[in-house]
Structure formats: structure tokens, C-alpha cells
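K.L.:
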Amino acid sequence: LGESALIERIAARIGPAPRGETWSGDDAAVLPFSGRTILYTTDVMVEGVDFDRAYCSGTDVGFKSVAINASDIAAMGGAPRHAVAALSLPPETSVSFVDAMVDGVVEASKRWSIGVAGGDISRAHEVSMAMAMIGAPFGDAVVHRSGAKAGDALCVTGHLGGAGGGLKALSRGIDVTGSAALAGLAARHLRPSARVVEAKRLCELHPTAMIDVSDGLAVDLWHLMDASGTGCDVDPAAVPVDPRLAELADLLSDDTIDPLDLALLGGEDFELLFRIDPDKVGRAQTALAELGCAVTRLGSVTENVSERRIGDHDLEELKEAGWDHLRTG
Ligand SMILES: [Mg+2]
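The number in the numbering used here is simply the position in the sequence shown, starting from 1, with 210 added.
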């Protein structure tokens, strides 16, 4: 079925959210709780699927588990607050690996001021860590994926493609330690950051919609457009490709590294993709520059739903086609 279709199938069987709540279909659920609004999300990391112990330490796994959940809360315009975690472990797992995972959880939860309030442990054939996290909106309103209007500017924080490049380098056994650029790319895959502080500053400018870039710009941009029934026109030359990918592309010059491909389709960069009044783009850039974070305008939201484009490429084709499609361009 594929992940998206399976999620839709399950969501349909569970049924719609009550009025005033958001369930499946956004970065986190939005729920009323004792007179407040809470954000609630979960993510699971599975050995062999989401991480490979050949090059991911236990600390990396624990850190990333916290970061990817915090990123989803931030993308709703909220601060992560508390988490619980469920570990599945093969019986032969060393205590030192578990200690390392906990080190990573502690490091990341301190960084984003998250309390890890409990968890559970069971046995499995591979290591996995499932985490659920709650958070609270920064201001009065959460920022959904829906809510854009034609004419909005489409912007993204930071650079894209680095995590995908880091994964390529690590999975091919390249020694990344001798190069600051390659080590930086590897770190983007192993220890992603969550743009929590940046989301807080952005929310002061009331973005109309936001998502974190977890599946690659093409896929997440499509989700953002789909949620509010709009089209988009993005300039591929504007996409802020991670400059360190040039070194990886040089190193693998006989191979298939295309920095723009990685930026559009690589995923796991955990940057914020958002829509904002075009008059506020400059203020967003100034505000986030103070935090050392770039904001790049990629293009605009358009009225025509049937026109979702990155340059000459149809967004739907791009997200379906995967790696090789753009290479001809
Ligand atoms: Mg997300």
C-alpha cells in the first residue's frame, strides 16, 4: 500500500476528529486539554530502516528520536514539553548501547528543555525507539499545514540536502572524519536539529502555514499545498542547497550525487517550510539571522491547484519519481 495510503486507510477507519481538534494529517495532533491546547505527536525509529548501527551510535539514535519529535511540535508553532519513550531491544543488546541511547535522549532533551517522563521496554528482533511527545503553542494559535492563500511567499529555513548527503556518505562507508564538510553532512543525518527557537521567532510574524521538511522538499511542499488546496511556483535556482554537498559530489564524481536532487528528495533535513505574507519575508530573514539561521524565499503560493511546480517539474511527478527524475533536467 505504501506509507501514505496506509495512514489514510487507518485514519478513515478511526474516523474524523471532533470539532475543534486536529488528528491525523498534520505534523502533530491539536487537542483541547483542561482548558488549554496541547500538541501531541509520535515517531518511531527502527534499526535497519531508520538507522544502521554500522555507523549510528546509540547516542545518535537517542538524540535523533527526541529531535524529530520536537521538530514536529515546532512545525505546529509550539514548544515541546514532555516525552515518553518505548524501547524494543534484542536480548543480546549491550547495556552500554542502551546507556548510549539514554545519553542521547538526555542531551537532546536538555537542549530543547523537554522532560522525559517515562517509558517502557520490550523485546524484539531489532532495536527500536518509539517516542511520543506533547507540547504547547507559543502564542494563541497553532500553525497548521492548511491556511495559505494565493500570493503568500513560500520560504524555508537553513539548507537542504545535507542529511541525504550525509546518509549517502555514511552508508557507502566513506570516512567523513578527515573533512569538515563531510563530517558536517554526516552530523545532519546522525544528529538533526529541531528548529524550536526559530519557530518561536517565526510565529511572532504569523506564518499562515508550516511543516517540517522530513521527507524532502518535493514531498513536504506537496503536503503543504494539498492541505490548503493551493498551487505553487518554486524556482529551483532559489532552493538553498547545502553547500557542503559540492565536496561530496566531487569525491563521488563517477557516481550519482546531484546536490539539487538531494535537496528536493533527500529528506530528514528538519528545516521549516512555511508560507507568510510577502511583506514579512525581510523581517523573517532579519529575525532568524540573529539566531544564525538563513531564511530563503523559494517562490509563491498560487491559486491554480493543478499547477504545483518546481521550475519545469510537476511537483506530483517529482515526489513520485524519486531520485532519477531530476537528473535529466
Ligand atoms: Mg513533520
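We put the CB at the ideal spot given by N, CA and C, even for glycine.
Who are the Cβ neighbours of V491 in its own chain at under 8 Å, not counting the five residues just before and after it?
P.N.:
Contacts found: A363, C365, V505 and R507.
K.L.:
For K529, I'd like the list of residues in its chain whose CB is within less than 6 Å of its CB, leaving aside the five on either flank, ordered along the chain.
P.N.:
Sequence-distant Cβ neighbours of K529 in its own chain, meaning closer than 6 Å and more than five residues away, are A428, V429 and W432.
K.L.:
Cβ-heavy atom distance between D282 and ligand 1 below 6 Å?
P.N.:
yes
K.L.:
In angstroms with no decimal places, state the Cα-to-Cα distance between G230 and L241.
P.N.:
8 Å
K.L.:
Got a sec? Which residues, its chain only, sit under 7 Å from D561 by beta carbon, not counting five neighbours each side?
P.N.:
The displayed coordinates of the chain run from 211 to 539. Any statement about residue 561 would go beyond what the structure contains.
K.L.:
Please report the Cβ distance between V337 and P300, rounded to the nearest whole angstrom; I am assuming they are in contact, meaning their Cβ atoms lie under 8 Å.
P.N.:
7 Å
K.L.:
Is it the case that the CB of D479 approaches a heavy atom of ligand 1 more closely than 6 Å?
P.N.:
no
K.L.:
Going by DSSP, what residues sit across from E257 in a beta bridge?
P.N.:
F261
K.L.:
Measuring alpha carbon to alpha carbon, tell me which of Y265, A340, R411 and V353 ends up nearest A419.
P.N.:
The option with the nearest alpha carbon to A419 is V353.
K.L.:
Assign G230 to one of three DSSP states: helix, strand, or coil.
P.N.:
coil
K.L.:
With burial defined as no fewer than 16 other Cβ atoms inside 10 Å of the residue's Cβ, what is the status of P228: buried or exposed?
P.N.:
By the C-beta density criterion, P228 is exposed, having fewer than 16 other C-beta atoms within 10 angstroms.
K.L.:
Can you name, in chain order, every residue of its own chain whose Cβ lies under 6 Å from the Cβ of P290, other than the five neighbours on each side?
P.N.:
Contacts found: A280, I283, W322, I324, M343 and G345.
K.L.:
Which residues in the same chain as D522 place their Cβ atom closer than 6 Å to its Cβ, once the five residues preceding and following it in sequence are excluded?
P.N.:
none
K.L.:
My understanding is that A293 touches V326, with C-beta atoms under 8 Å, so please give their C-beta distance in whole angstroms.
P.N.:
5 Å
K.L.:
In chain order, which continuous runs of the alpha helix (DSSP H) of length 4 or greater are located wholly inside the segment 319–402?
P.N.:
372–381 and 390–400
K.L.:
Near S360, what residues of its chain come up, given a Cβ to Cβ distance below 7 Å and the 5 sequence neighbours on each side ignored?
P.N.:
It is worth fixing the name first, because residue 360 is Ala in this sequence and not Ser. These residues qualify, in order along the chain: T440, V511, T512 and E513.
K.L.:
Please find out if some non-hydrogen atom of ligand 1 comes closer than 6 Å to the beta-carbon of D422.
P.N.:
yes
K.L.:
Under 8 Å Cβ to Cβ from L498, same chain only, skipping five residues before and after it: list those, please.
P.N.:
T367, E408, R411, L412, A504 and V505
K.L.:
For the alpha helix (DSSP H) containing T496, list its first residue and its last residue.
P.N.:
V491 to A499
K.L.:
Going straight from the alpha carbon of R519 to that of P446, what length do you get?
P.N.:
9 Å
K.L.:
In angstroms with no decimal places, state the Cα-to-Cα distance between D422 and L461.
P.N.:
30 Å
K.L.:
Specify the secondary structure class of I467 as computed by DSSP and reduced to three states.
P.N.:
coil
K.L.:
Three or more C-beta pairs closer than 8 Å, one from the segment 242–249 and one from the segment 378–391: is that the case here?
P.N.:
no
K.L.:
Ignore the nearest five residues each way along the sequence and tell me which others in E526's own chain have a CB closer than 6 Å to its CB.
P.N.:
Hits under 6 Å: none found.
K.L.:
Going by DSSP, what residue range makes up the alpha helix (DSSP H) through L560?
P.N.:
The question about residue 560 has no answer here: the residues shown for the chain are numbered 211 through 539.
K.L.:
In three-state terms, what does DSSP make of S244?
P.N.:
In the structure shown, S244 adopts coil according to DSSP, grouped into three states.
K.L.:
Mind checking whether P402 and F480 have CB atoms under 7 Å apart?
P.N.:
yes
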